[in-house]
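Participant: Under the numbering used here, the first residue of the first sequence is numbered 334, with each subsequent residue one higher. This is the structure, below, for whatever I ask next.
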Amino acid sequence: MAENANQNKGLQPQARAPGYEDVMNLASRRGYFLRSADSYPNTPAGFWDYGPLGTLFKNRYVELWRRMIVKRDEMVELDTSEVLPRAVFVASGHVGNFSDPIVECSNCHSIYRVDKLIEEKVRRAVPEGLPDIEYDALLAENNIVCSNCKNALKGTRRFNMMFRVGIGPQGEEAYLRPETCQGIFVDIPVLFKTQRIKLPRGFAQLGKSFRNEIAPRQGILRQREFYQAEVEVLFNPERVDLPRFDVALEYSLNISAGDVEPTLIKVSEAISRGVVPNKLIGYYLYLIQSFYESLGLRTERIRLRSLTRQEKAFYSAVAFDLEVKTSVGWLELVACNYRSDYDLRQHAEASKTDFTVEDDGKKVLPHIFELSMGVGRSLYALLDEAYRVDDTRTYLALLPRVAPIQVGVFPLMSKEGLPEKARAIYDLLRYDLDAMYDETGSIGRRYARSDEAGIPFCVTVDQETMKQGTVTVRERDSKMQSVVPAEQLQAWLKTRLS
RNA sequence: GCGGCGUUGGUCUAGCGGUAGGAUUUAGGCUUCCCAAGCCUGAUGCGCGGGUUCGAUUCCCGCACGCCGCACCA
């Protein structure tokens with residue numbers, strides 16, 4: 334899809350609606366997302382770096398996540414290890430369930446999911462947990478052949494999506510975590526012993542997870558190494574109707590079941606109709622939906638899709654995916670899973686450690702509701718939403734509060750003391766805000782460059798600054814200019830960036 | 001992983017069996033000064049490996065990566 338000549342400057346309107354390619358083109362040109370180790374040939378797919386702007390953007394997202402979710406709900410923040418011993422993932426179920434039974438055609442090397450393949454042929458459910466030889470038996474008795482080359486299939490084996498690592502000289506078997514939360518779960522006993530924590534309580538963690546995808550595509554949307562911002566809420570299943578969750582009752586969730594259009598439904602009504610199991614879950618669904626709304630995504634483009642039994646992860650009792658409509662369709666940003674007491678029960682049994690905590694005078698094994706947020710996908714969704722092309726320019730209409738660089742400071746000309754003055758103003762701003770200074774090229778060029786980077790406000794220092802002490806602030810989306818006294822600039826900006 | 005198509009500076013592209021030209025970007029300079037103006041100078045490229053050939057960016061094979069379809073996405 335070569336759409337040439339207008340990629341660099343955005344001077345001509347594009348004939349088609351901008352899509353994933355355009356957003357990623359801008360993102361790589363402007364230093365949001367970069368392919369990892371791209372200077373080396375044959376670097377495997379699925380690994381991405383955050384460039385200068387991308388790093389600021391991620392930091393902004395995390396800052397807002399901490400403010401609007403973590404701090405608002407008074408969660409406990411953790412940063413746990415990425416490498417965990419095999420036993421942890423045996424208990425969590427990942428060693429057994431995170432692997433798929435596959436069969437490879439010995440002739441053309443096509444790879445199939447064995448259970449799915451047999452299901453298709455015999456038209457009844459086939460569990461994915463059978464011993465491998467039973468799959469081979471089923472393949473043989475149903476005469477299942479490779480759909481590509483008609484070769485008979487046999488030799489079922491397991492493909493585990495976890496990255497295996499060897500610890501120390503003995504290479505003791507361990508894995509990179511496929512989700513950040515297991516590190517939280519295994520710390521629960523000591524946390525409750527030492528940190529004076531009461532139920533219900535959220536535990537929040539930002540970190541990397543690793544999944545050895547068979548064939549990652551869609552770039553930043555499906556990585557082998559990626560950031561998750563996870564929240565694990567531990568609660569007593571007997572006490573989910575606390576008054577603190579009432580703030581959510583009048584809020585409208587945009588819920589859809591299956592692939593139908595979502596409908597707005599108040600939390601209170603969703604609970605009474607059984608769409609949402611209880612007040613606690615309603616409250617956290619409210620927290621997550623309103624978070625994405627506050628980042629600038631429109632409510633009608635956000636849906637909480639209730640997952641069917643087939644779609645849910647092996648540990649999940651109730652599950653909603655928070656999805657956002659982008660140019661690549663509905664994109665899953667957050668998995669909201671009611672994990673019940675599955676994880677803590679498994680870890681308690683495997684580690685022979687007591688995972689119960691005291692609540693309401695009784696020992697309880699906490700249940701868990703999680704919000705598992707994909708950071709890279711969220712950032713992509715924000716860029717996709719903000720991407721604008723008009724007759725004269727390409728720009729990112731990011732909300733000021735999510736913009737990676739919040740303000741640019743420019744001298745109108747590179748002479749007559751303007752650069753020194755502009756530099757002094759920049760120096761006043763740069764510690765409290767993410768600011769950039771630029772004196773190269775014409776002022777229009779600098780505006781255009783900052784528009785494409787999504788900078789919401791540009792401050793220009795001109796002759797009036799020298800005489801009157803005022804600066805001109807130019808707003809990205811409207812191109813409107815305001816004259817602001819230099820000494821009020823910081824406050825002026827801060828009210829508009831909050 | 002299978003099938004199809006593709007891969008030329010950061011980006012978009014022209015082109016050829018005799019190792020590449022433009023636009024934009026970018027660095028430095030001049031000039032101009034409120035929305036990508038102009039001029040000068042410079043920088044950056046044929047995805048990787050192998051084969052054919054006197055010579056390969058060009059032809060062939062393999063690989064990697066990308067896109068589309070299939071499969072996969074705990």
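C-beta: ideal position from N, C-alpha, C; glycine also.
(1) Does M495 pass the burial test, meaning 16 or more other C-beta atoms within 10 Å, or should it be called exposed?
(2) I believe I588 touches I598 by the beta-carbon criterion, under 8 Å. Please report the beta-carbon distance rounded to the nearest angstrom.
(3) Nearest to F653 by alpha carbon, out of V661, S623 and L618?
(4) Do K541 and E565 have their beta-carbon atoms positioned less than 8 Å apart in this structure?
(5) For the alpha helix (DSSP H) containing C514, name the first residue and the last one.
(6) Leaving out five residues on either side along the sequence, give the residues of the same chain with a beta carbon under 6 Å from the beta carbon of R779.
(7) At what residues does the beta strand (DSSP E) containing D382 begin and finish?
(8) What did DSSP end up calling L397 once you bin it into helix, strand or coil?
(9) Please give the ranges of any beta strand (DSSP E) in the stretch 726-778, keeping only runs that are unbroken, at least 3 residues long and fully inside the region.
(10) Mind checking whether S660 and P377 have CB atoms under 8 Å apart?
(11) Ignore the nearest five residues each way along the sequence and tell me which others in Y391's own chain have a CB closer than 8 Å to its CB.
(12) Can you give the Cα-Cα distance for R734 and M706, rounded to whole angstroms?
(13) Excluding the 5 residues preceding and the 5 following T513 in the sequence, name in chain order all residues of the same chain whose CB lies nearer than 6 Å to its CB.
(14) For L628, which of helix, strand or coil comes out of DSSP?
(15) For T793, collect the residues of the same chain with a Cβ closer than 6 Å to its Cβ; drop the 5 residues on either side in sequence, then sort them by chain order.
(16) By DSSP's criteria, H680 is part of a beta bridge. Which residues make up the other side?
(17) Quick one: which unbroken alpha helix (DSSP H) runs of 4-plus residues sit fully inside the stretch 536-619? Chain order, please.
(18) Between the Cα of L486 and the Cα atoms of K531, I444, A755 and G504, which residue gives the shortest distance?
(19) Does DSSP classify G784 as helix, strand or coil?
(20) Assuming Y720 and L359 are in contact, meaning their beta carbons sit under 8 Å apart, how far apart are those beta carbons, in whole angstroms?
(21) Using DSSP with H/G/I as helix, E/B as strand and the rest coil, what is V478?
(22) Excluding the 5 residues preceding and the 5 following R572 in the sequence, name in chain order all residues of the same chain whose CB lies nearer than 8 Å to its CB.
(23) Would you give the residue range spanned by the beta strand (DSSP E) that N493 belongs to?
(24) Taking the continuous alpha helix (DSSP H) assigned at R799, which residues delimit it?
(25) Over what stretch of residues does the beta strand (DSSP E) that includes Q814 continue unbroken?
(26) Closest by CA to P522, which one among H680, E785, G379 and E467?
(27) Run through DSSP, which three-state label would L386 get?
(28) Taking the alpha carbon of W381 as the point to measure from, which residue in D765, T596 and L554 has its own alpha carbon closest?
(29) Which one of A819, A786, P610 and K449 has the shortest CA to CA distance from G387?
(30) Below 8 Å CB to CB, which residues in the same chain sit around D412 once its five sequence neighbours on both sides are set aside?
(31) Please state whether DSSP places A507 in a helix, a strand or coil.
(32) Return the chain-ordered list of same chain residues with a C-beta closer than 8 Å to the C-beta of G379, the five sequence neighbours on each side being excluded.
(33) CB-CB under 6 Å to F366, same chain, minus the five flanking residues each way: which ones, in chain order?
(34) So what does S425 bridge to, in DSSP terms?
(35) Using a threshold of 8 Å, state whether the C-beta atoms of I758 and A819 are closer than that.
(36) Would you mind reading off the limits of the beta strand (DSSP E) that contains N358?
Facilitator: This is what the structure gives:
(1) Looking up residue 495 in the first sequence gives position 162. Looking at its Cβ environment, which holds 16 or more other Cβ atoms inside 10 Å, M495 is buried.
(2) Counted from its first residue, the first sequence places residue 588 at position 255. Counted from its first residue, the first sequence places residue 598 at position 265. Indeed, because the Cβ distance is near 6 Å, the residues count as touching under 8 Å.
(3) Residue 653 sits at position 320 when you count from the first residue of the first sequence. Considering only alpha carbons, the answer is L618.
(4) Looking up residue 565 in the first sequence gives position 232. Looking up residue 541 in the first sequence gives position 208. Result no, Cβ atoms of E565 and K541 do not sit closer than 8 Å.
(5) As a working note, residue 514 is residue 181 in the first sequence. Run containing C514: C514 to T527, per the alpha helix (DSSP H) assignment.
(6) Looking up residue 779 in the first sequence gives position 446. Closer than 6 Å at the Cβ level, and outside the excluded window around R779, lie F743 and D771.
(7) Your numbering for residue 382 matches position 49 in the first sequence. W381 to Y383 is the span of the beta strand (DSSP E), which, as asked, contains D382.
(8) What you label residue 397 is simply residue 64 of the first sequence in a count that begins at 1. Three-state DSSP puts L397 in a helix.
(9) 727-729, 740-744 and 768-770
(10) Here residue 660 is taken as the residue at index 327 of the first sequence, counted from 1. Here residue 377 is taken as the residue at index 44 of the first sequence, counted from 1. In this structure, P377 does not lie closer than 8 Å to S660 by Cβ.
(11) On the first sequence, position 58 is the one that residue 391 refers to. The amino acid at residue 391 is misidentified as Tyr; the sequence shows Lys. Around K391: Y383, Y560, V708 and L712.
(12) One-based indexing of the first sequence puts residue 734 at position 401. One-based indexing of the first sequence puts residue 706 at position 373. Going by the C-alpha atoms only, they are around 19 Å apart.
(13) Stepping through the first sequence from its first residue, residue 513 is reached at position 180. Q538, G540, S542, Q561 and E563.
(14) One-based indexing of the first sequence puts residue 628 at position 295. The answer is coil: DSSP assigns L628 none of H, G, I, E or B.
(15) Position 460 of the first sequence holds residue 793. Within the same chain, T793 has close Cβ partners F743, L745 and T805.
(16) Taking the first sequence and counting its residues from 1, the one referred to as residue 680 is at position 347. According to DSSP, which records beta bridges pairwise, H680 is partnered with nothing at all.
(17) 600-605
(18) For this step, residue 486 is matched to residue 153 along the first sequence. Of the listed residues, the one whose Cα sits closest to L486 is I444.
(19) As a working mapping, residue 784 is identified with position 451 in the first sequence. Reading off the sequence shown, one finds Asp at residue 784, where the question assumed Gly. Correct three-state label for D784: helix.
(20) Taking the first sequence and counting its residues from 1, one reaches residue 720 at position 387. Taking the first sequence and counting its residues from 1, one reaches residue 359 at position 26. Their Cβ separation, rounded to whole angstroms, is 7 Å, which keeps Y720 and L359 in contact under 8 Å.
(21) The residue labelled residue 478 in the question sits at position 145 within the first sequence. Reduced to three states, the DSSP call for V478 is strand.
(22) Locating residue 572 in the first sequence gives position 239, counting from the first residue. These residues qualify, in order along the chain: L532, P533, D692 and D693.
(23) The sequence position of residue 493 within the first sequence is 160, counting from 1. Residues R490 to N493.
(24) Position 466 of the first sequence, counted from the first residue, corresponds to residue 799. In the sequence under discussion, the amino acid at residue 799 is Met, which differs from the Arg named in the question. Residues Q796 to Q801.
(25) To locate residue 814, count along the first sequence from 1; it is residue 481. Note, Q814: beta strand (DSSP E), Q814 to P818.
(26) Position 189 of the first sequence, counted from the start, is the residue given in the question as residue 522. The residue with the shortest Cα to Cα distance from P522 is H680.
(27) Residue 386 sits at position 53 when you count from the first residue of the first sequence. The answer is helix: DSSP assigns L386 an H, G or I state.
(28) Taking the first residue of the first sequence as position 1, residue 381 is located at position 48. Nearest of D765, T596 and L554 to W381, Cα basis: L554.
(29) On the first sequence, position 54 is the one that residue 387 refers to. Considering only alpha carbons, the answer is A786.
(30) Taking the first residue of the first sequence as position 1, residue 412 is located at position 79. Q538, L539 and G540.
(31) Mapped onto the first sequence, residue 507 falls at position 174. It is a strand residue.
(32) By 1-based counting over the first sequence, the position of residue 379 is 46. Answer for G379: E546, P549, R555, Q556, R557 and E558, listed in chain order.
(33) Indexing the first sequence from 1 puts residue 366 at position 33. The answer, listed in chain order, is A360, W381, G387 and I553.
(34) The residue given as residue 425 occupies position 92 in the first sequence. Its beta-bridge partners do not exist; DSSP assigns none.
(35) Position 425 of the first sequence holds residue 758. Position 486 of the first sequence holds residue 819. Yes.
(36) Looking up residue 358 in the first sequence gives position 25. Element bounds for N358: not the beta strand (DSSP E) but the alpha helix (DSSP H), Y353 to R362.
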